[in-house]
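Trainee: Residue numbers (this note's numbering), protein chains in the order written: chain L, 143 to 345; chain S, 143 to 345. Beta carbons are placed, not taken as given, at the ideal position from N, Cα and C, and that holds for glycine.
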DNA sequence: GTCTATACTGTGATAGAC
DNA sequence: GTCTATCACAGTATAGAC
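1. Look up residue 215(L) in the DSSP assignment and say whether it is helix, strand or coil.
2. For the 8 angstroms Cβ check, are there 3 or more pairs between the region 250–269 of chain L and the region 281–291 of chain L?
3. Sorted by chain position, which residues of the same chain lie with C-beta nearer than 7 angstroms to residue 160(L)'s C-beta, five sequence neighbours on each side aside?
4. Using a Cβ cut-off of 8 angstroms (strictly closer), state whether residue 337(S) contacts chain L.
5. Using the C-alpha atoms, what's the distance from residue 184(L) back to residue 211(S)?
6. Can you confirm whether residue 333(S), when its beta carbon is compared against all beta carbons of chain L, has any partner nearer than 8 angstroms?
7. Since residue 334(L) and residue 307(S) should fall inside the 8 angstroms C-beta cutoff, what is the C-beta to C-beta distance between them, to a whole number of angstroms?
8. Residue 186(S) and residue 197(S) look like a contact to me (Cβ under 8 angstroms); what is the Cβ gap, rounded to whole Å?
9. Should the region 245–259 of chain L be called in touch with the region 201–208 of chain L, which here means at least 3 C-beta pairs below 8 angstroms?
10. Which value, in whole angstroms, describes the spacing of the CA atoms of residue 309(S) and residue 330(S)?
11. At which residues does the alpha helix (DSSP H) containing residue 249(L) begin and terminate?
12. Run through DSSP, which three-state label would residue 149(L) get?
13. Check the Cβ-Cβ distances between residue 306(S) and every residue of chain L, and say whether any is below 8 angstroms.
14. In whole angstroms, give me the CA-to-CA distance for residue 268(S) and residue 245(L).
15. Locate the alpha helix (DSSP H) running through residue 324(S), then write down its first and last residues.
16. Just to confirm, are residue 168(L) and residue 203(L) a CB contact at a threshold of 8 angstroms?
17. For a quick check, are the C-beta atoms of residue 304(L) and residue 337(L) less than 8 angstroms apart?
18. Taking C-beta to C-beta, are residue 215(S) and residue 272(S) nearer than 8 angstroms?
19. With distances taken from CA atoms, which of 237(L), 243(L), 332(L) is nearest residue 228(L)?
20. For residue 265(L), which of 255(S), 182(S), 178(S) has the nearest alpha-carbon?
21. Roughly how many angstroms lie between the CA atoms of residue 176(S) and residue 342(S), to the nearest whole one?
22. Spatial neighbours of residue 225(S) within its chain, please: C-beta separation below 8 angstroms, excluding the five flanking residues on both sides.
23. Counting only C-beta atoms, is residue 194(L) closer than 8 angstroms to chain S at any point?
24. Which value, in whole angstroms, describes the spacing of the CA atoms of residue 232(S) and residue 234(L)?
25. Taking the continuous alpha helix (DSSP H) assigned at residue 332(L), which residues delimit it?
26. Taking only the alpha-carbon atoms, compute the straight-line gap between residue 315(S) and residue 255(S) and give it to the nearest angstrom.
27. Mind listing which residues of the region 261–295 of chain S have their C-beta closer than 9 angstroms to chain L's C-betas, in chain order?
28. Near residue 294(S), which residues of its chain fall below 6 angstroms by C-beta distance, leaving aside the five closest residues on each side in sequence?
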């Protein structure tokens with residue numbers, strides 16, 4: 143609380159590292175169980191079993207099951223920010239092509255892991271709402287998207303609203319009605335052309 | 143099971159009517175509680191209390207809580223079919239205008255009752271999946287949509303897929319990010335124009 | 001400071017009396 | 001057909017062993 147961190151240096155880090163490692167172990171196991179049994183279906187006893195702990199011991203690391211969801215939510219968005227930033231330099235100069243690549247990055251990230259998509263975009267967990275801290279990476283992502291659109295020469299914020307609705311709408315349909323297929327995936331570029339024409343982007 | 147219904151006529155109907163009335167009473171109360179406390183948050187004890195029954199008595203009318211969701215799901219889609227059929231004769235001759243009205247009908251129905259939208263389009267209830275019978279009105283709706291698109295002169299089934307993704311995507315964003323506002327509602331006609339241009343509909 | 005044993009509360013669901 | 005009583009199992013709280 144006071145000057146604990148400087149008391150005697152190296153010891154402290156080991157403890158913190160072990161704690162962080164256990165937290166990560168819990169979250170990793172939670173993702174696997176969520177994909178396996180469903181996001182809301184796995185129990186804390188399942189989760190504890192998966193990493194060789196007793197259920198109450200989880201409370202040493204997380205205040206509640208919702209706190210675990212919260213960490214997963216934050217991680218999902220952080221991963222998406224990371225993927226997006228990695229793609230940023232790769233975006234084509236040509237605005238229309240750039241739009242298509244950006245849409246594909248979003249779409250693929252969503253379809254690649256439907257459970258993660260559920261947690262990030264739907265309110266699937268009864269009573270769960272992300273904390274402000276966990277919501278932060280999501281806001282960060284909006285900034286990145288806004289940046290991409292500025293580079294496109296677009297100034298109307300409504301354009302970004304529409305783009306978000308279209309791409310997430312396509313991803314949602316793909317996940318809900320043709321998981322593993324390409325029924326909507328195949329149409330994504332067409333939709334992007336419609337959008338590009340609509341906001342007056344040059345060919 | 144055998145010839146019970148014909149045993150002595152009038153008596154039988156009264157019983158059936160009372161049963162149907164109670165079922166309706168349960169479902170109506172469930173919708174109110176769902177809007178009030180959340181779709182998954184209301185308990186069977188809440189529901190029973192609301193209509194002056196004990197929780198176990200609900201099992202006389204529904205086999206499980208999921209069976210209640212199932213009936214709500216079916217009713218939601220049946221209502222949407224009804225609303226759509228009522229609009230069908232009112233659709234403008236002009237294809238583009240017709241598209242916009244149809245989109246508005248879908249969008250307004252979704253936004254008007256977010257909880258119903260959740261149940262109909264998202265998998266918000268852990269473990270709940272609609273029964274084939276309850277899913278039927280949803281298929282009926284697809285038929286109606288296909289009929290509308292045929293009247294537009296559209297033959298490519300992918301066009302309807304895209305249209306569905308766009309309109310539901312817009313509705314989802316409106317519900318999730320600006321409930322009660324018009325941020326996406328105001329852009330719906332623009333999106334429909336983009337779509338109409340994209341599939342080559344005349345002005 | 002980490003984990004275990006035990007127990008509490010609220011949930012959907014069932015059994016049997018009336 | 002509705003009741004009372006009760007079940008199994010969920011998330012969660014706490015006391016104490018090491």
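Mentor: Checking against the coordinates, here is how it stands:
1. Here residue 215(L) is taken as the residue at index 73 of the first chain, counted from 1. Residue 215(L): helix per DSSP, three-state reduction.
2. Taking 8 angstroms as the limit for Cβ pairs, the verdict is that the region 281–291 of chain L does not touch the region 250–269 of chain L.
3. Position 18 of the first chain, counted from the start, is the residue given in the question as residue 160(L). Around residue 160(L): no qualifying Cβ.
4. If you number the second chain from 1, residue 337(S) lands on position 195. Residue 337(S) counts as touching chain L.
5. If you number the second chain from 1, residue 211(S) lands on position 69. If you number the first chain from 1, residue 184(L) lands on position 42. Computed Cα separation, rounded: 21 angstroms.
6. Residue numbering aside, residue 333(S) sits at position 191 when the second chain is read from its first letter. Yes, its Cβ sits closer than 8 angstroms to a Cβ of chain L.
7. Locating residue 334(L) in the first chain gives position 192, where the first residue counts as 1. Locating residue 307(S) in the second chain gives position 165, where the first residue counts as 1. Between residue 307(S) and residue 334(L) the Cβ distance is about 13 angstroms, and since that is not below 8 angstroms, they are no contact.
8. Mapped onto the second chain, residue 186(S) falls at position 44. Mapped onto the second chain, residue 197(S) falls at position 55. Indeed they touch by this definition, with Cβ atoms about 5 angstroms apart.
9. They do not touch, by the three-pair rule.
10. Start at 1 with the first residue of the second chain, and residue 309(S) comes out as number 167. Start at 1 with the first residue of the second chain, and residue 330(S) comes out as number 188. Whole-angstrom Cα-Cα distance: 8 angstroms.
11. Your numbering for residue 249(L) matches position 107 in the first chain. Here the alpha helix (DSSP H) through residue 249(L) covers 237–254.
12. Stepping through the first chain from its first residue, residue 149(L) is reached at position 7. For residue 149(L), the predicted structure reports a pLDDT of 47, less than 50, and the residue's modelled location is therefore unreliable. A value from the coordinates is still provided. Correct three-state label for residue 149(L): helix.
13. If you number the second chain from 1, residue 306(S) lands on position 164. Taking CB atoms only, residue 306(S) has a neighbour in chain L less than 8 angstroms away.
14. Here residue 268(S) corresponds to residue number 126 of the second chain, with the count starting at 1. Here residue 245(L) corresponds to residue number 103 of the first chain, with the count starting at 1. Rounded to whole angstroms, residue 268(S) to residue 245(L) spans 30 angstroms at the Cα level.
15. One-based indexing of the second chain puts residue 324(S) at position 182. Careful: residue 324(S) lies outside any alpha helix (DSSP H) and carries neither H nor E.
16. Translated into the one-based positions of the first chain, residue 168(L) becomes position 26. Translated into the one-based positions of the first chain, residue 203(L) becomes position 61. Cβ distance < 8 angstroms, so residue 168(L) and residue 203(L) count as in contact.
17. Counted from its first residue, the first chain places residue 304(L) at position 162. Counted from its first residue, the first chain places residue 337(L) at position 195. Yes. Within cutoff.
18. In the second chain, counting from the first residue as 1, residue 215(S) sits at position 73. In the second chain, counting from the first residue as 1, residue 272(S) sits at position 130. Yes, the pair counts as a contact, with Cβ atoms nearer than the cut-off.
19. Numbered from its first residue, the first chain carries residue 228(L) at position 86. The candidate whose alpha carbon is nearest that of residue 228(L) is 243(L).
20. Taking the first residue of the first chain as 1, we reach residue 265(L) at position 123. Checked all of 255(S), 182(S), 178(S); the closest Cα to residue 265(L) is 182(S).
21. To locate residue 176(S), count along the second chain from 1; it is residue 34. To locate residue 342(S), count along the second chain from 1; it is residue 200. Looking at the two C-alpha atoms, the distance is approximately 43 angstroms.
22. For the purposes of this step, residue 225(S) is taken as residue 83 along the second chain, with counting starting at 1. Within the same chain, residue 225(S) has close Cβ partners 247, 251.
23. Taking the first chain and counting its residues from 1, one reaches residue 194(L) at position 52. Judged by the 8 angstroms Cβ criterion, residue 194(L) is not in contact with chain S.
24. Position 90 of the second chain, counted from the first residue, corresponds to residue 232(S). Position 92 of the first chain, counted from the first residue, corresponds to residue 234(L). Approximately 46 angstroms between the Cα atoms of the pair.
25. Mapped onto the first chain, residue 332(L) falls at position 190. Per DSSP, residue 332(L) belongs to the alpha helix (DSSP H) from 330–340.
26. Taking the second chain and counting its residues from 1, the one referred to as residue 315(S) is at position 173. Taking the second chain and counting its residues from 1, the one referred to as residue 255(S) is at position 113. Looking at the two C-alpha atoms, the distance is approximately 14 angstroms.
27. Those residues of the region 261–295 of chain S that come within reach of chain L (Cβ to Cβ, closer than 9 angstroms) are 263, 264, 265, 266, 267, 268, 269.
28. Translated into the one-based positions of the second chain, residue 294(S) becomes position 152. Excluding positions up to five away in sequence, the list reads 237.
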